[in-house]
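Below is one structure, written out as C-alpha cells; the observations come after it.
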Amino acid sequence: MSYIHCNYVSRSEIVKTKGGAIKVKRFRPTTETFDPDFIKVERVLHEDFKNGKVYVIKWKKLPYELSTEEKSEDAVKCENFEEELKKYRERKKIRTMRYPLEWRPPRELQIKFDESPEFKNGNKLRAYQLEGLNWLLNRCLFSKFDYVGPILVVAPLSTIVHWEREFLAWTNLRVLIYHGSISGRNTIAAYEFFFKKQIIQNIRLFDVLITTYEMIMSGFDHLSQFNWAVGIFDEAHRLKNSTSRATNTLRNYNFGHKVLLSGTPLQNNIKELWSLLNFINPNEFSDSITFLNEHKLENSADVEKLQALLRPLMLRRMKEDVEKTIPMKEETIIEVELTMIQKRYYRAILEKNLDFLTKGCKDAAPNLLNAMMELRKCCIHPYLIKGAEEKIIGDFIKRKKRENVESPVVENEDLCDLENQESLNSQKIVLNTNIITNLDEYYKILIQSSGKLVLLDKLLNKLYGKHKVLIFSQMTRCLDLLSDYLSYKKYKFERIDGGVRGDHRQAAIDRFSDKDSDGFVFLLCTRAGGVGINLTAADTVIIFDSDWNPQNDLQAQARCHRIGQKNEVKIYRLVTRNTYEREMFDKAGMKLGLDRAVLQK
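In case it helps, my numbering puts the sequence shown at residues 13 to 613.
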C-alpha cells in the first residue's frame, strides 16, 4: 500500500481506539520522517486495462521495491501523474533504427563537426566540448547521423542522478537508473527492460542505463544479457587493479566500444595504467610483464615513448585549459602538534605497551598487528583507538576526584540532550554522571584530546558566517566524532559516507548547494564523497587526514574547485608534526611526480 492511502491522525484519536493507548506508549520514532515527495509520482511502470485501469507507480524518493498498483481513480489525484503517464506512453513507442548494431562507418571516414550541433532545449557545446566530441566520434567510429544503442554508464553512486539529469537535459534518449536491493532490481527488470507481449521479443524500453560499479557485480545476471554498443566508465581509475572483482566481472560483458573517464588514470605505478589499457584493448595490451619491461621510465626517452603510445588513446585537459575564469586555489599545509594525551598513546603504540592501552578498559584493546593504522588513528583523534575513549574519560574522572572538585547537580535536560543525539548513541559510552555533569564538560574533553580538533574548533569559528566548508576524512568513525562536535556547536551540516543511500546523497548535496541554505559544513568520506559530485557552493576545503594516494585528495579538492566556482578556494591540509602521518604525506607527494612526468605534457 502506498502513502496516498494514509491519513494524519492525532494522538488523541489513536488513544480512543481499542488498545490505542498501549500502541502509543510502545511507539518509538525509529523510522524516517515522512517526506511529502513520497506521494508524488516519479515514474509510471505499467498500465493495465484488464480489470479496469490499473497503474504500477514508482514513488519519488522511494525504492523500486515499494512501487505499488493503483486504481485509476486514485492515481489521477496524485501530483504530476498525468505528466509521468505521458512520458510512460512515449517510452512505450517502439523506435526503429536505421543501422544494425554491427554497423560501423569505414575507418578512413573522418567525421568532424565544425560547429556545435544543436541539442535538446537549444543546448550547444563549448569549444573544448566540441573538440572532445570530434575526438570521440573518430576514435569510437560512431555514425554522425544515427544512434545504435544501448549505452551503459557506470559511475559512482553520488553521480548517477547527475548523469540522468544531463542525459534528459541534452537528449531525448530514454534513460533508466539501475540500482537498489535485489527486490528493487527485479522490479526494474520486470517493468523497465523490455516491451511486454510483442510479437518480436526482447525489444528494449531504454536507450541508456546508468548504474554503479557495485551493481555491475551484483546485477550481473540482469545486465550481462545485453550487447552494449558503448560502455562509459566514470571515475575509471576504479579499474586500475586488473585482478579486482569489478574489472574481472566487466570482462564478461559485451561492449562495442569502451570510453574511460578519469582525472587520475595514473595514481601509484605504471602497472595501474596498463590495467586500464588492458581493459580497453585486451588484445593489444595482453601482457603486463612485457608492457612494464618496455616502459621502465628510467630516462626521458622512455617517458617520451610512453607518451607517444598514449597520445592516440587519451584526450587530457586540465581545468585551467578549458575554463580560464576558474578562480585560483591556494593550499596551506598546517602542521599540528600532538596533545599530551595523543603523545602518551603514540608512544604506547610504538612500544606496543598493551598494559597502558588496555588499562581501565573493559574487553577492549587496539589491534597492534597493524601498528601504522593505529598511529594514524592516534594522529587524527585518540578516540579512534579501541578502548581509548573510555580510558580518557576514566582518567578525567579520577583527576577530578583527586582535586576534590564537587560536582554540581545534574540537570535532567542535559542528560536528555546527551541521550537524544543519534551519533552519540552509537558510541555506547556510559558516563559517570556524578563527575561529567553536562555536555560542555564532555565536549571539552573531546576537543582537547586531539590537536587537530583544537585547531578545527578555532578555524571554523573564524569561517562561520562567511564561507561554506567541506571537511574530508578517510574514516567514518572520525566523521562520527566531527558530527558530534558540529551538533554541539550548533553548526548546520550535511554528511556523505559509504553508508548513505544514493537518493539521500543527492538530497544532502541539493540542500547544501541551495543559495538560501544556512548549511555551513559538509562532512565527506574521501573515497565515497571525493569523486564526481559538484559542491561549488563551498569555497573552503579542510583535509582532516590525508590519503595514502594523493590523487584521492586532489579529487576531493576538485569537488568545489571546478567549473562553476565563483570564489577563490582555500585548502587547509592538517598534518601532525614529526609523526608517521607526516612521513606518509611526504611519500604520497612523491607519487604525483609520476603523473606529471607521463601525462601532463
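Glycine included, each C-beta is placed from N, C-alpha and C at the ideal position. Quick caveat: nothing in here was measured; it's all calculated off a predicted structure.
Worksheet entry | Alpha-carbon spacing of K2 relative to L309, whole angstroms | Because the chain is modelled from 13 through 613, residue 2 falls outside the range shown and cannot be assessed.
Worksheet item: Is F179 near V242, with beta carbons less than 8 Å apart?
Response: Taking 8 Å as the Cβ cut-off, F179 and V242 do not qualify as a contacting pair.
Worksheet entry | Whole-Å CB distance - D60 paired with I16, under 8 Å assumed | 18 Å between Cβ atoms; not a contact.
Practice prompt. Kindly list the residues whose CB is nearer than 7 Å to the CB of M384, restricted to its own chain and excluding five residues on each side of it in sequence; keep chain order.
Written response: Excluding five sequence positions before and after M384, the CB atoms of its chain that fall closer than 7 Å to its own CB belong to Y592, given in chain order.
Practice prompt. Identify which residue in T255, R356, N295 has its Cα closest to the Cα of K283.
Written response: Closest by alpha carbon: T255.
Worksheet item: Apart from the five residues on each side of it in sequence, which residues of its chain come closer than 8 Å, Cβ to Cβ, to A181?
Response: K132, N133, N135
Discussion item. DSSP has D60 in a bridge; who is on the other side?
Written reply: Bridge pairing for D60: V66 [DSSP].
Worksheet item: Which value, in whole angstroms, describes the spacing of the CA atoms of N305 and P277?
Response: 20 Å
Fill in: Separation of E363 from N382, as counted between CA atoms
13 Å
Item to complete: Within 10 angstroms of the Cβ of C452, are there 16 or more other Cβ atoms? Answer buried if so, exposed if not.
Response: Reading off the sequence shown, one finds Asp at residue 452, where the question assumed Cys. Its Cβ having fewer than 16 others within 10 Å, D452 is exposed.
Fill in: Proximity below 8 Å, CB of D559 to CB of Q486
yes
Fill in: Exposure of E94, with buried meaning 16 or more beta-carbon neighbours within 10 Å
exposed
Worksheet item: In angstroms, rounded to a whole number, what distance separates the CA positions of W175 and A400?
Response: 44 Å
Worksheet entry | Contacting residues, own chain, Cβ-Cβ under 7 Å from L137 (five flanking each side not counted) | S128, L145
Fill in: Three-way DSSP call (helix, strand, coil) for V21 in this model
The DSSP-derived three-state label of V21 is coil.
Worksheet item: Are the region 512-521 and the region 564-575 touching, with three or more C-beta to C-beta distances below 8 Å?
Response: no
Fill in: Residue from T80, Y225, V271, K52 with nearest C-alpha to T261
The candidate whose alpha carbon is nearest that of T261 is Y225.
Discussion item. Could you check whether the Cβ of S274 sits closer than 8 Å to any Cβ belonging to chain B?
Written reply: Of the protein chains in this structure there is only one, and it is not chain B.
Discussion item. According to DSSP, is V315 part of a helix, a strand, or is it coil?
Written reply: Residue state, collapsed to three classes: helix.
Worksheet item: What's the C-alpha gap between R103 and T488?
Response: 41 Å
Worksheet item: Cα separation between F39 and C390?
Response: 41 Å
Discussion item. Please report the straight-line C-alpha distance between F556 and I392, rounded to a whole angstrom.
Written reply: 8 Å
Worksheet item: Given a threshold of 16 other Cβ atoms within 10 Å of its Cβ, counted over all protein chains shown, does M227 qualify as buried or as exposed?
Response: Buried, since its Cβ has 16 or more Cβ neighbours within 10 Å.
Fill in: For I163, the residue or residues it bridges with in DSSP
V220, V242
Fill in: Local Cβ density within 10 Å of T29, reported as buried at 16 or more and exposed below that
It counts as exposed.
Discussion item. Rounded to the nearest angstrom, what separates V614 and V271 at their Cα positions?
Written reply: Nothing in the structure corresponds to residue 614, since the chain is present only between 13 and 613.
Worksheet item: Roughly how many angstroms separate the alpha carbons of R585 and I215, rounded to a whole number?
Response: 53 Å
Item to complete: Select from G514, L467, D509, I194 the residue whose C-alpha is nearest the C-alpha of Y3.
Response: This structure gives no information on residue 3, because the portion of the chain shown stretches from 13 to 613.
Item to complete: Report the rounded CA-to-CA distance for Y265 versus W286, giving the unit in angstroms.
Response: 20 Å
Practice prompt. Measure the Cβ-Cβ separation of G406 and K480 and say whether it is below 8 Å.
Written response: no
Discussion item. Distance check for R329 and I361, CA to CA, integer angstroms please.
Written reply: Rounded to the nearest angstrom, the gap between the Cα atoms of I361 and R329 is 45 Å.
Item to complete: Output the distance between the C-alpha atoms of Y503 and S529, rounded to the nearest integer angstrom.
Response: C-alpha separation (whole angstroms): 12 Å.
Practice prompt. Enumerate, from N- to C-terminal direction, the unbroken alpha helix (DSSP H) stretches of 4 or more residues contained entirely within the region 380-407.
Written response: Residue ranges of uninterrupted alpha helix (DSSP H) with 4 or more members, entirely inside the region 380-407 and ordered along the chain, are 383-392.
Worksheet item: Under the three-state reduction of DSSP, which class applies to G231: helix, strand or coil?
Response: coil
Discussion item. Assuming contact is defined by CB atoms lying nearer than 8 Å, are I508 and T171 in contact in what I supplied?
Written reply: no
Worksheet item: Is DSSP giving E127 helix, strand or coil here?
Response: coil
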